[in-house]
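One point on numbering: in the numbering used here, the residue at position 10 of the sequence shown is -1, and numbering is uninterrupted. Just so you know, even glycine gets a beta-carbon here, dropped at the ideal spot from N, CA and C. Heads up, the thing below is written out as structure tokens.
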Amino acid sequence: MSEVFQAFTEMIQSRSRATLSYRPQANDQQERSVKSVMTSVGVYAEDPLQQDWDEIADKLVFAINTSQDSTRKETPFNLVHGWDAQSTLRVMTRPSNEDPADSQTH
-10 MSEVFQAFTE MIQSRSRATL SYRPQANDQQ ERSVKSVMTS VGVYAEDPLQ
40 QDWDEIADKL VFAINTSQDS TRKETPFNLV HGWDAQSTLR VMTRPSNEDP
90 ADSQTH
């Protein structure tokens, strides 16, 4: 790694692991993530000339960000924001006497 990149990772207190240019065994966690995304996209992308990606992308990102990670037992959204995301339908169907501040989700 370059000295600049090493200094940058130290500055943001990030661990980095140098790997060969392409070696899936060295990046197994990232490879699983990519496989999951590709599988999800494959479900929606039946037609290679599909033009409605703007409508599909939001739903796909929400689905990925709210699916529980098997290792961490949390959703990516919760790990980043500290609270669980809720769909519009879930918020709209919440009982009117339920205070969102009382629950762990927002």
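Could you work out which residue in Arg4, Phe66 and Arg21 is closest to Phe51 when comparing CA atoms only?
-> Check the Cα spacing between Phe51 and each of Arg4, Phe66 and Arg21: the tightest is with Phe66.
Does the separation of the CB atoms of Ile53 and Ser85 fall below 8 Å?
-> Cβ distance not < 8 Å, so Ile53 and Ser85 don't count as in contact.
What does a CB cutoff of less than 7 Å around Arg61 pick up in its chain, not counting 5 residues either side in sequence?
-> Scanning its chain for C-beta atoms nearer than 7 Å, with the 5 sequence neighbours on each side dropped, one finds around Arg61 the residues Leu68, in chain order.
Any idea what DSSP makes of Ile141, helix, strand or coil?
-> Shown here, the chain extends from -10 to 95; a query on residue 141 therefore has no answer.
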